[in-house]
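Asker: Pasting a structure below so you can have a look.
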Amino acid sequence: MMNWLDSHCHINDEAFRDDLDDVLNRMIEADVTKAMIISSYLDDYDFALRITKSGISFKHSLGVYPGDVNELDEELFEKYAFRMKEDDCDAIGEIGLDYHWDKENKERQKEVFERQLKLAQELGKPVIIHSRDAIQDTYDLMKQNPVKGVMHCYSDSAEMAKEFVKLGCYISIAGPVTWKNAREPLNVIRAVPVERLLIETDCPYLTPVPKRGLRNEPSYVVYTGKQIAEELGINEEDFKKQINENYHRLFGL
Ligand SMILES: [Zn+2]
3 MMNWLDSHCH
13 INDEAFRDDL
23 DDVLNRMIEA
33 DVTKAMIISS
43 YLDDYDFALR
53 ITKSGISFKH
63 SLGVYPGDVN
73 ELDEELFEKY
83 AFRMKEDDCD
93 AIGEIGLDYH
103 WDKENKERQK
113 EVFERQLKLA
123 QELGKPVIIH
133 SRDAIQDTYD
143 LMKQNPVKGV
153 MHCYSDSAEM
163 AKEFVKLGCY
173 ISIAGPVTWK
183 NAREPLNVIR
193 AVPVERLLIE
203 TDCPYLTPVP
213 KRGLRNEPSY
223 VVYTGKQIAE
233 ELGINEEDFK
243 KQINENYHRL
253 FGL
């Protein structure tokens, strides 16, 4: 039997400090044996690098989050860049644009995003993209700075998803695809070639049904994965195999 995987989780978050070992044990029980841990801060990154569990293979991503660009100075950026260059950093992210929380600093957000896209190009590392209420600007910058990557927790239109696929991007689907009002996420999974799909929890947020209302965790990625396989009419084992192939094609072995 193929394993499940979580292509985007924050188990280094405070939300997991008290019971991380239980969370990891539930990953093993649910056969979620691969996970990409996303770090937005250097101390979270140090913590993430120390997380180990026999039977689970972790990858690591580090990036300056778009919501944090106001506090970013040159000295801090250099510290991020230094860590991104090291071998244990598998991907650059999550990086991108978020106009939902802050519309006043668009130019600064774009500047920091583009700089990290260029750095990823230079390092030959994939990017993990966060885009909220900013899809056109995200697209424009990615088109100008081609680098392989994934649109994490994709929540925009199926039409736009196809455009990102044309740029070479992967589309990662999170818990909302299981929610009752999910219409566009279902259009998205049907519009995107299955060899460009990924699945994730983005835990502790965006908990899938039937755990909605609870803290999210990597073992719950199974609900999202099963839902997508069923919607696409793909046998679960074949779907898992495909998702594993996609994950390794993007992030390496
Ligand atoms: Zn995230």
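Mapped onto the numbering used here, the consecutive letters of the sequence shown carry residue numbers 3 to 255. Just so you know, even glycine gets a beta-carbon here, dropped at the ideal spot from N, CA and C.
1) If you draw a straight line from the C-alpha of Glu77 to the C-alpha of Asp70, how long is it?
2) Report back the beta-carbon spacing between Ala37 and Asp15 to the nearest angstrom; my notes put them in contact at under 8 Å.
3) With distances taken between CB atoms, is the gap from Lys112 to Leu143 smaller than 9 Å?
4) List the endpoints of the continuous beta strand (DSSP E) containing Ile53.
5) Taking Glu96 as part of the beta strand (DSSP E), name the residues at either end of that continuous run.
6) Count the C-beta pairs between the segment 56-63 and the segment 235-246 that are closer than 8 Å, then say yes if the count reaches three, no if not.
7) Alpha helix (DSSP H) containing Met153: first to last residue?
8) Look up Met3 in the DSSP assignment and say whether it is helix, strand or coil.
9) Beta carbon of Ile308: closer than 8 Å to some heavy atom of ligand 1?
10) When burial is assigned at 16 or more other CB atoms within 10 Å of the CB, is Glu219 buried or exposed?
11) What did DSSP end up calling Ala32 once you bin it into helix, strand or coil?
12) Which of the three DSSP states, helix, strand or coil, is assigned to Ser221?
13) Of the choices Phe60, Gly98, Arg214 and Ile191, whose alpha-carbon is the least far from that of Glu233?
14) Quick one: using the 10 Å Cβ neighbour count with 16 as the cut-off for buried, is Phe241 buried or exposed?
15) Give the list of continuous alpha helix (DSSP H) stretches no shorter than 4 residues that lie fully inside the segment 100-143.
16) Any chance you could list the alpha helix (DSSP H) runs of at least 4 consecutive residues sitting entirely within the segment 168-227, in chain order?
17) Which residue or residues does DSSP assign as beta-bridge partners of Met86?
18) Between which two residues does the alpha helix (DSSP H) harbouring Phe60 extend?
19) Could you check if Met162 is buried or exposed, using at least 16 other CB atoms within 10 Å of its CB as the buried criterion?
20) How many Å lie between Lys168 and Asp20 at the Cα?
21) For the segment 134-150 and the segment 174-183, state whether three or more C-beta atom pairs, one from each stretch, are separated by less than 8 Å.
22) Going by CA-CA distance only, name the one from Leu99, Ala93, Lys228 and Glu238 that's closest to Leu125.
23) If Ser159 sits next to Glu202, beta carbons under 8 Å apart, how far is it from one beta carbon to the other, in whole angstroms?
24) Measure the C-alpha to C-alpha separation of Glu88 and Tyr82 and round it to an integer number of angstroms.
25) Does ligand 1 have even one heavy atom less than 8 Å from the beta-carbon of Asp204?
26) Confirm the yes/no value for this check: CB of His62, any heavy atom of ligand 1, distance under 8 Å.
27) Under a three-way DSSP split, which group does Ile1 fall into?
Answerer: Well, looking at it:
1) Working through the sequence shown from its first residue, we reach residue 77 at position 75. Working through the sequence shown from its first residue, we reach residue 70 at position 68. Each residue's alpha carbon lies about 14 Å from the other.
2) Residue numbering aside, residue 37 sits at position 35 when the sequence shown is read from its first letter. Residue numbering aside, residue 15 sits at position 13 when the sequence shown is read from its first letter. Their Cβ separation, rounded to whole angstroms, is 13 Å, which puts Ala37 and Asp15 out of contact at 8 Å.
3) One-based indexing of the sequence shown puts residue 112 at position 110. One-based indexing of the sequence shown puts residue 143 at position 141. It is a contact, given that the beta carbons lie within the stated cut-off.
4) Looking up residue 53 in the sequence shown gives position 51. Note, Ile53: premise wrong, no beta strand (DSSP E); not H, not E.
5) The residue labelled residue 96 in the question sits at position 94 within the sequence shown. Segment Ala93 to Asp100, the beta strand (DSSP E) holding Glu96.
6) no
7) Start at 1 with the first residue of the sequence shown, and residue 153 comes out as number 151. Unbroken run through Met153 is the beta strand (DSSP E), Gly151 to Met153; no alpha helix (DSSP H).
8) Residue 3 sits at position 1 when you count from the first residue of the sequence shown. Three-state result, Met3: coil.
9) For the chain, the structure presents residues 3 to 255; residue 308 sits outside this window and is missing.
10) In the sequence shown, the residue the question calls residue 219 occupies position 217. That one is buried.
11) As a working note, residue 32 is residue 30 in the sequence shown. Reduced to three states, the DSSP call for Ala32 is coil.
12) Residue mapping note: residue 221 aligns to position 219 of the sequence shown, counting from 1. Here Ser221 sits in helix by DSSP.
13) Translated into the one-based positions of the sequence shown, residue 233 becomes position 231. With distances taken between Cα atoms, Glu233 lies closest to Ile191.
14) Reading the sequence shown from its first residue, position 239 is the one you call residue 241. Under this definition Phe241 is a buried residue.
15) 108-125
16) 186-193
17) Within the sequence shown, residue 86 is the residue found at index 84, counting from 1. Note: Met86 sits in no beta bridge, so no partner.
18) Position 58 of the sequence shown holds residue 60. In the DSSP assignment, Phe60 falls outside any alpha helix (DSSP H) and within the unbroken beta strand (DSSP E) covering Ser59 to Leu64.
19) Against the sequence shown, residue 162 aligns to sequence position 160. Label assigned to Met162: buried.
20) One-based indexing of the sequence shown puts residue 168 at position 166. One-based indexing of the sequence shown puts residue 20 at position 18. C-alpha separation (whole angstroms): 42 Å.
21) No contact exists between the segment 134-150 and the segment 174-183.
22) For the purposes of this step, residue 125 is taken as the residue at position 123 of the sequence shown. Considering only alpha carbons, the answer is Ala93.
23) Locating residue 159 in the sequence shown gives position 157, counting from the first residue. Locating residue 202 in the sequence shown gives position 200, counting from the first residue. Rounded, the Cβ-Cβ distance is 19 Å, inconsistent with contact.
24) Looking up residue 88 in the sequence shown gives position 86. Looking up residue 82 in the sequence shown gives position 80. Roughly 10 Å separates the two Cα atoms.
25) In the sequence shown, counting from the first residue as 1, residue 204 sits at position 202. Yes, the Cβ of Asp204 comes within 8 Å of a heavy atom of ligand 1.
26) For the purposes of this step, residue 62 is taken as the residue at position 60 of the sequence shown. For ligand 1, not one heavy atom lies less than 8 Å from the Cβ of His62.
27) The structure shown has nothing for residue 1, since the chain only spans 3 to 255.
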